[in-house]
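Asks:
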Amino acid sequence: MTRDELKGIIEGISDEQLKRILDINSSDIGKAKNGAEALKKALDEATARSKQMEAEIEQLKIGQREADEMREKIGELQKVIDQKNEAEERTKSENALNTRFGLVTEGMDFVNDFTRKGVFEQFKNAVLDENNMGKSDGEIYEALTLGRENLFVPQGGIPSVVGSTMGFDGNITEGDVREIMGLPTKN
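Under the working numbering, the first residue of the sequence shown is numbered 1249, with each subsequent residue one higher.
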């Protein structure tokens, strides 16, 4: 507000009254200006803090993503470790069972590896069967093989002649038949 504006509003105002009104007005304007500057400064500080917090939040989000990725990688590595440990445990268990099987079959000559593997699988399943708890490996093995024929090489060895006339054009000798049957040859 100017002097002329005040003189136009208040007729007959003295210069001293006019000066006092303008001084009061200037003081109010100064206070308002100082208050506005303080508010602007506070707003600027709040804006700066807000931007800083936004940056910190963004860093935390990045950190959270990295932590999630790390947690996922750790989970995957743990699965690999668990699978490796399970495989090692299975191998140890299989080796232990092989050793036990080897001890009960020591000196026995299976007719072929296929038969040995089959008997081993049966032995392994029987050892793990709860019904056989408390039984020795020998008892389990004996129960598996009792009364079963053709598991082991016969005393005279495996015949060298095939047990069929196929491929011999029907020309099989009595000696071949005796060998197939495990009988001694005639002189």
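The beta carbon of each residue, even a glycine, is placed where N, CA and C say it ideally should be.
Please name the residue or residues paired with F1400 in a DSSP beta bridge.
Replies: Locating residue 1400 in the sequence shown gives position 152, where the first residue counts as 1. According to DSSP, F1400 bridges with F1358.
Asks: Taking the continuous alpha helix (DSSP H) assigned at T1295, which residues delimit it?
Replies: Position 47 of the sequence shown holds residue 1295. Note, T1295: alpha helix (DSSP H), 1263-1352.
Asks: Determine the extent of the alpha helix (DSSP H) in which L1431 is found, giving its start and end residues.
Replies: The residue given as residue 1431 occupies position 183 in the sequence shown. Neither: L1431 is in no alpha helix (DSSP H) and is coded neither H nor E.
Asks: For E1334, count the other beta carbons within 10 Å of its own beta carbon; 16 or more makes it buried, fewer makes it exposed. Which is it?
Replies: If you number the sequence shown from 1, residue 1334 lands on position 86. Label assigned to E1334: exposed.
Asks: Once DSSP output is grouped into helix, strand and coil, what is the label at K1365?
Replies: Residue mapping note: residue 1365 aligns to position 117 of the sequence shown, counting from 1. Here K1365 sits in helix by DSSP.
Asks: Do three or more CB pairs link the segment 1389-1406 to the segment 1350-1358 at distances below 8 angstroms?
Replies: The segment 1389-1406, when compared against the segment 1350-1358, does touch it at the 8 angstroms Cβ threshold.
Asks: In whole angstroms, give me the CA-to-CA distance for I1269 and E1285.
Replies: Within the sequence shown, the letter at position 21 stands for residue 1269. Within the sequence shown, the letter at position 37 stands for residue 1285. Roughly 24 angstroms separates the two Cα atoms.
Asks: Using the three-state DSSP reduction, which class does N1419 fall into: helix, strand or coil?
Replies: Here residue 1419 refers to the residue found at position 171 when the sequence shown is read from its first residue. N1419: coil per DSSP, three-state reduction.
Asks: Can you list, in chain order, the residues of its chain with a C-beta nearer than 6 angstroms to that of D1385? Leave out the 5 residues immediately preceding and following it.
Replies: Within the sequence shown, numbered from 1, the residue matching residue 1385 stands at position 137. Excluding sequence neighbours, D1385 sits near R1348, V1352.
Asks: Pull up the CB-CB distance for V1375 and L1345, whole angstroms please, since I reckon it's below 8 angstroms.
Replies: Within the sequence shown, residue 1375 is the residue found at index 127, counting from 1. Within the sequence shown, residue 1345 is the residue found at index 97, counting from 1. Their Cβ separation, rounded to whole angstroms, is 6 angstroms, which keeps V1375 and L1345 in contact under 8 angstroms.
Asks: Should L1392 and Q1370 be called a contact, given that it needs their Cβ atoms to be closer than 7 angstroms?
Replies: The residue you call residue 1392 lines up with position 144 of the sequence shown. The residue you call residue 1370 lines up with position 122 of the sequence shown. Going by C-beta atoms, L1392 is nearer than 7 angstroms to Q1370.
Asks: Under a Cβ-count criterion, where at least 16 other Cβ atoms within 10 Å of its own Cβ denotes burial, should I1388 be classed as buried or exposed?
Replies: On the sequence shown, residue 1388 is found 140 positions in, with the first residue counted as 1. I1388 comes out buried.
Asks: Under a Cβ-count criterion, where at least 16 other Cβ atoms within 10 Å of its own Cβ denotes burial, should E1253 be classed as buried or exposed?
Replies: Looking up residue 1253 in the sequence shown gives position 5. Under this definition E1253 is an exposed residue.
Asks: Is K1372 helix, strand or coil when you go by DSSP?
Replies: Locating residue 1372 in the sequence shown gives position 124, where the first residue counts as 1. Correct three-state label for K1372: helix.
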